[in-house]
Amino acid sequence: MSNHLISLMIFFPLIGAVLQAFVPNARSRWIALGASICASICGIVLVMSMHTQVADLQAAESLPWVGFYAISYDMAVDGLNALLVLLIALLFPVLIASEWNQKIGVRGMHGLFLVLQTALFGAVCAQDLFLQFFFWGLSALPFFFLVGIWGGEGRERASLGAIVVASLSGALIFSALVLIYYSVDPHSFSLRELSGGRLSGKLFDFLGVELPISGAAFALMSVGLALRAPIWPFHGWFTEIAQEAPSSVFVALSAGTVPVALYILMKDCYLLFPEILGSAAQVIVGAGTINLIMGGLCAVTQRGLRRLLAFICLSEVGLILMGIGSLSPTGAVGAVYQQLLLGLAVTGFGLCSGIISDRTGQSIFVNAEGERTLGGIATRAPIVSTVAGIVIASLLGFPGFGGFVGHALVIIGSYSIHPVTVAVAGGSLLLATYYLFAMYRSVFLGKPASGFQAFQDLTIRERAYLFPVVTALLFFGLYPKPLIELIRPTVLTLLSTIR
Amino acid sequence: MIALQSSLTPILLSILILLFLGLSVFTWGEKLPGKGSWLLWAGILLVISGVGFDSGLLLKEEFKIKVWMTGWIWPREDLSAITVGIFQDPLNLSMILLTILVAALTLMNQSFLCREPRPEKVHAGIAISAAGVAVSWISITPWLGLAGLALSLIGGFILFGSRWDSNFEAKVAIRFIGEKSGGLLLALMGASILTSAHTALIFNHSASWMGSGELASSAWIGSILLVMGLFIQMQTFPLIGGLVPVSELYPPLRTLLNQVFPAWAAFGLLVKLEPELIRLGLFPGFGWIALISTLLTVLSGLFQDRWRQGVGLWLSSGYSLSCAFLAFSGPRSAMSLFLGVSLGSLCVSNAATSLEGGCSYNPNSRKRAIWIKLALFLGTAAGSGVVGFVSATGGLQWISKAMELTGGMVALFLFVLFLFVLLGWKNAWKISKLSLVTDVSWATVISQFACILLSLGFFWTGCITGDVLLGAPDRLVSSGFDVFFGPLVVEVGQSEAFLTASGLYWGTLILALFTSYYLVGRKVDQWELLSRAIPKTKKFLAFGYGIDELVLRMMALVLKAGHKIELFVDYKVWMQWMPHSLNVGIKILSNNMSGFDEKMSYGIRLTLLRVVEVPAKILQLIQTGDVRWYLFFALSSGFAVLLHFLKI
């Protein structure tokens, strides 16, 4: 099956970004949205046309790019990345629609979102390490401008922090790539050629000490991705961006970049380093456990919606890492599924918090004295309150809501291997019930705080862009079977090579 | 006999429609005529029809149980499968019918419901919660059961939607959903751990609960978490603090949606889990925990000043006592007390609310008040195991089983039973003093008597006395409990013990009734005087043994820890130290590099200068005439000739 859907999906947004830059604002919005939706339709058709129960790569497209270095334009989808294609397809039209009325440089913002969409689609579908690195690196750049131009008071500092971290991350990942590239003969960046333990037993000389290439490359790559995932304690830039970036930009970061980083970590580790994965998995699970604890503990103290979202994201990342590191079919499938659901739930939460911030001019719900600064939204704006309720139920993993599937599968898959981590996850979920419901009470229930009386419910446009997010959260919670059937064969095949 | 179904049964479809109607009323209820109550009635009638249709089939097919199953998240045949499905047997159908009837009886109190600021939220809450309980009872695995429990909790939370704009009600609502969700998550975690031991978790199918040898601990831990999560739904000690704040909501509604329905959803799962819990060895340990919890809950209830908390705690203690019954004497006796106390407390709560309102005196209002007081005492009797009510059979069986235990444990059992019954009657005496008149409609009065009717022993056991006589000489029709749980066998050798148990049981009940009358029923409230004499103890007990304060302190510690971590990592390390050290580091490096660069440039300049200077000086000497150019030329030629010849 090769119908160029992947290329269309990747380059539609880029073409749209260029086109919309040359037309007036009124038309540019439609072009941007149109390009994003076209790419999304390609993505959705691509996933829907995939064969279930097939572990192989599908819809593959391969062209030589830089022949001298054996770099190729190699794109394909399989069970691991199909859900992320869906997520990105859903996310970006929603984000563009949410910034429809942006007054400052709307073309610039939409253009950057489109570039980001291209970059993330590319990073997800790339089957060549260099190509993956290229798109992954490209995905860092739009954030520098999006935060630096449209951010809050501390935007320069936040955007600088983000680009410095991204550069450092890029440098580490590139070092890993160089190590891998020169370790095989003939040299290659192709994931297909490098998979199946081709790096096993290979050593390289570093200051007179012989080190295993797998171990070094894994360390470089995982730290590089941990910087952008974000994994505690490399998350400081992330929480700073949460505070300074516009809501839509932070949603793009937490719902788009973070799941993609986790996907790259999972895919590259499973494919490239199967022989060290036994011990590497312990490190991954350890990082996940720390994320769960720290994310939960820090979320409890939050008084603002944005930073709260950042720590919720941190905690959820911990759960996904737990699934990745479990190396069990159930846990790994749960981790892949949770990447999608994390993206959707974070999108819903972030957009709701953006709407509240726009209406009230603040995202702080409890001030330094412990008094509520919002409140009473549920009776005046029932739709936004219901959407927030559904998102919270999904984040907590109520049965029938999206998060349940991922949470249950990760716990089922991890318990027999890492019972202590599962206990930590349980504690983290209990903490989440506390802080999420406390936030819900402060923001949506009770009497409105003084000086905060009028609150308009969702407009038609807001309903339109929140509808797909909420529908997806409910649909994927109630009927996960088709997606699970897509993921399972790929995960089982990958795990069988590890064993 | 089991019949496998290939599609959804009428009852499941009707429950799903009720859920959909509830969600519709929640979303659009404000704009619907009559605030959507007619939609709710339509849903209720549909479920009753569904139950009727499926019950008819069940009778026609001689109790052939219907089962429908499917893999939800993972294929059903695989290990670690998350399976959902329904199990349609007489017990499940009866409980669904009872749930719907109770919801309908509550809806009959329109005069009260209309006083709520947003009645559509109440209607939606009732529909969603009732659908949740029904789903929970009909489920064949804990997964769907827990989904039903989640629905019943969501319904209970939506109920508060009527008063979400009050700070106090918001606090109560969040506490309700927070605590119960915590329990739900624990139960889900337990089910997940059980599934990780490669068990399919199908009720009535023991093989599906078997874990392999090394995974036995998983099965044990998973079961403990599952049971703990379900037990939390009973809102008994240590979670009684949530019952202390007095909500402005119509009390029977709060009783129904915040206590009865979540507990029914959870208890259904506990009853179905009972064989596995016995096999895993969780009984009777769980029973002892439930018994101690009952004791502490009852003690707290006895020291409550207001009837709302008293009735709430009586109901909670009744639920935990039912759990103790389940552990010690099986599902039959547990179910009987559970039903009795649920229906009885609904009746008591309804009666108390009717009397609390008061009105101007007229013969009609006086007459209604008398009927309501009668309903109040009958409701208390229904929940306290009085002869003739369904709860009686359970209490008696429990005491009979307790007599088999060593060490005089029966005394403890009787003491707990005595306190529980005492709390019920204390509440009743106190409520009866509220008012002599009431303005509630006859529909409300009838709804209370309908609850009492449903709690009659005859209704469930087929015996007038509620199956408390040896050999059941008063049996008029066959027992529903026999159909649900199989016939009750009392061996000949046990008859003497049964009589002793009966004596002890009835004695305890009568003693509790008279004690309550002596303490509270007379003009001077002796209990009130006793409470005043020990104000600190009373406060400690009434406010839930200081558990709330303890939890608050623990949360304060968590907050402090979180704050410190955030302050250190996010603010100090990332926002101060790291940028500062990077800045300083880069500056130092830059200065050093700059100094090095300067030195190197100077060196290069100097070297270059010297390299250029030597030939330049020579040329200068030639130019100034200090060195004759021909001499320089001759010397160079001579040197070249010499070199040439030397080479040869």
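Top to bottom, those sequences are chains A and B. Note that the first sequence covers residues 178 to 676 in the numbering used here. Note that the second sequence covers residues 231 to 878 in the numbering used here. The beta carbon of each residue, even a glycine, is placed where N, CA and C say it ideally should be. From a predicted model like this one, the values you see are computed outputs, not experimental measurements.
In three-state terms, what does DSSP make of residue 796 (chain B)? If you number the second sequence from 1, residue 796 (chain B) lands on position 566. Reduced to three states, the DSSP call for residue 796 (chain B) is helix.
Is there a C-beta anywhere in chain B that falls below 7 Å from the one on residue 315 (chain A)? The sequence position of residue 315 (chain A) within the first sequence is 138, counting from 1. False, the Cβ-Cβ gap to chain B never drops below 7 Å.
Those runs of the alpha helix (DSSP H) which lie wholly inside the stretch 537-624 of chain A and span at least 4 residues: 554-557, 559-573, 579-592 and 596-621
Decide if the stretch 548-563 of chain B is in contact with the stretch 512-524 of chain B; the criterion is three or more beta carbon pairs, one per stretch, under 8 Å apart. yes
Since residue 356 (chain B) contacts residue 337 (chain B) with CB under 8 Å, what's their CB separation in whole angstroms? For this step, residue 356 (chain B) is matched to residue 126 along the second sequence. For this step, residue 337 (chain B) is matched to residue 107 along the second sequence. Yes, they are in contact, since the Cβ atoms of residue 356 (chain B) and residue 337 (chain B) sit about 7 Å apart, within 8 Å.
Unbroken alpha helix (DSSP H) runs of length 4 or more, entirely within the stretch 319-367 of chain A: which are they? 332-360
Using a Cβ cut-off of 7 Å (strictly closer), state whether residue 313 (chain B) contacts chain A. In the second sequence, residue 313 (chain B) corresponds to position 83, counting from 1. So no, residue 313 (chain B) is outside the interface.
Which stretch, first to last residue, makes up the beta strand (DSSP E) that contains residue 476 (chain B)? Numbered from its first residue, the second sequence carries residue 476 (chain B) at position 246. Here residue 476 (chain B) belongs to no beta strand (DSSP E), and DSSP marks it neither H nor E.
Have a look at the DSSP bridge pairing and note the partners of residue 387 (chain A). Along the first sequence, read from residue 1 onward, the residue named residue 387 (chain A) stands at position 210. In DSSP, residue 387 (chain A) forms a bridge with A:382.
Which residues does DSSP list as the beta-bridge partners of residue 251 (chain A)? For the purposes of this step, residue 251 (chain A) is taken as the residue at position 74 of the first sequence. According to DSSP, residue 251 (chain A) bridges with A:239.
Nearest chain A C-beta to residue 810 (chain B) closer than 7 Å, yes or no? By 1-based counting over the second sequence, the position of residue 810 (chain B) is 580. Chain A, which has no Cβ nearer than 7 Å to the Cβ of residue 810 (chain B), makes this no.
Could you check whether the stretch 558-572 of chain B touches the stretch 487-501 of chain B, counting it as contact only if at least three pairs of C-beta atoms, one from each stretch, sit closer than 8 Å? yes
7 Å is my cut-off, CB to CB: does residue 694 (chain B) come that close to chain A? Reading the second sequence from its first residue, position 464 is the one you call residue 694 (chain B). For residue 694 (chain B), the answer is no, since every Cβ of chain A falls outside 7 Å of its Cβ.
Contact set for residue 322 (chain A): own chain, Cβ-Cβ below 6 Å, skip 5 residues either direction: Translated into positions along the first sequence, residue 322 (chain A) becomes position 145. Correct list, in chain order: 289.
Could you pull the start and end residues of the alpha helix (DSSP H) that residue 683 (chain A) belongs to? In this structure chain A extends from 178 to 676, so residue 683 (chain A) is not present and cannot be described.
As an exercise, report each continuous alpha helix (DSSP H) stretch of at least 4 residues that is fully enclosed by the stretch 753-826 of chain B, in chain order. 756-763, 765-772 and 777-795
Residue 692 (chain B) classed as buried or exposed, judged by whether at least 16 other C-beta atoms fall within 10 angstroms: As a position in the second sequence, residue 692 (chain B) is number 462, starting the count at 1. Flag for residue 692 (chain B) reads buried.
Is the beta carbon of residue 390 (chain A) less than 7 Å from the beta carbon of residue 376 (chain A)? Here the question's residue 390 (chain A) lines up with position 213 in the first sequence. Here the question's residue 376 (chain A) lines up with position 199 in the first sequence. Their beta carbons are under 7 Å apart, which means residue 390 (chain A) touches residue 376 (chain A) by this criterion.
In the DSSP assignment, the alpha helix (DSSP H) including residue 423 (chain B) goes from what residue to what residue? Position 193 of the second sequence, counted from the start, is the residue given in the question as residue 423 (chain B). Segment 397-426, the alpha helix (DSSP H) holding residue 423 (chain B).
Find the residues of chain B that neighbour residue 423 (chain A), judging by a C-beta separation of less than 7 Å, and give them in chain order. Start at 1 with the first residue of the first sequence, and residue 423 (chain A) comes out as number 246. None at all; the shortest Cβ gap to chain B is about 20 Å.
Contacts around residue 240 (chain A), its chain only, beta-carbon distance under 6 Å, and the 5 residues preceding and following it disregarded: The sequence position of residue 240 (chain A) within the first sequence is 63, counting from 1. Result list for residue 240 (chain A): 250, in chain order.
I want to know whether the stretch 454-461 of chain B touches the stretch 409-425 of chain B - three or more CB-CB distances under 8 Å. yes
Inspect the beta-carbon positions of residue 523 (chain A) and residue 457 (chain A) and report whether they are closer than 7 Å. Stepping through the first sequence from its first residue, residue 523 (chain A) is reached at position 346. Stepping through the first sequence from its first residue, residue 457 (chain A) is reached at position 280. No, they are not a contact pair.
Proximity test, Cβ basis, 7 Å: residue 397 (chain B) and chain A: Counting from 1 along the second sequence, the entry for residue 397 (chain B) is found at position 167. So yes, residue 397 (chain B) belongs to the interface.
Applying a beta-carbon distance threshold of less than 8 Å, which residues of chain A neighbour residue 803 (chain B)? One-based indexing of the second sequence puts residue 803 (chain B) at position 573. Residues of chain A passing the Cβ test: 410 and 413.
Does the beta carbon of residue 778 (chain B) sit closer than 7 Å to a beta carbon anywhere in chain A? The residue labelled residue 778 (chain B) in the question sits at position 548 within the second sequence. No - not a single Cβ of chain A is within 7 Å of the one on residue 778 (chain B).
Return the chain-ordered list of same chain residues with a C-beta closer than 7 Å to the C-beta of residue 731 (chain B), the five sequence neighbours on each side being excluded. Here the question's residue 731 (chain B) lines up with position 501 in the second sequence. Closer than 7 Å at Cβ, skipping near neighbours: 626, 629, 630 and 633.
In the stretch 599-685 of chain B, which residue ranges form an unbroken alpha helix (DSSP H) of at least 4 residues, counting only runs that do not cross its ends? 620-632, 639-662 and 672-684
Within chain A, partners of residue 494 (chain B) - CB distance below 9 Å: In the second sequence, residue 494 (chain B) corresponds to position 264, counting from 1. The premise fails here: residue 494 (chain B) is roughly 17 Å from chain A at the closest Cβ pair, so nothing lies under 9 Å.
At 4 residues or longer, what runs of the alpha helix (DSSP H) sit wholly inside the stretch 327-404 of chain B? 340-343, 349-368 and 372-389
Using the rule of at least 16 other Cβ atoms within 10 Å of the residue's Cβ for burial, across every protein chain shown, is residue 866 (chain B) buried or exposed? For the purposes of this step, residue 866 (chain B) is taken as residue 636 along the second sequence, with counting starting at 1. When all chains shown are included, residue 866 (chain B) counts as exposed.
Report back the beta-carbon spacing between residue 774 (chain B) and residue 530 (chain B) to the nearest angstrom; my notes put them in contact at under 8 Å. As a first step, residue 774 (chain B) is located in the second sequence; it is residue number 544 there, counting from the start. As a first step, residue 530 (chain B) is located in the second sequence; it is residue number 300 there, counting from the start. So it is a contact: roughly 6 Å between Cβ atoms.
Kindly indicate which three-state DSSP category residue 636 (chain A) falls into: helix, strand or coil? Translated into positions along the first sequence, residue 636 (chain A) becomes position 459. Three-state DSSP puts residue 636 (chain A) in coil, outside helix and strand.
Any beta-carbon of chain A closer than 7 Å to the one on residue 380 (chain B)? Within the second sequence, residue 380 (chain B) is the residue found at index 150, counting from 1. For residue 380 (chain B), the answer is yes, since a Cβ of chain A falls inside 7 Å of its Cβ.
Buried/exposed call for residue 672 (chain B), threshold 16 Cβ in 10 Å: Position 442 of the second sequence, counted from the start, is the residue given in the question as residue 672 (chain B). Per the 10 Å Cβ criterion, exposed.
Below 9 Å on C-beta distance, what does residue 417 (chain A) contact in chain B? For this step, residue 417 (chain A) is matched to residue 240 along the first sequence. Correct list: 800, 804 and 805.
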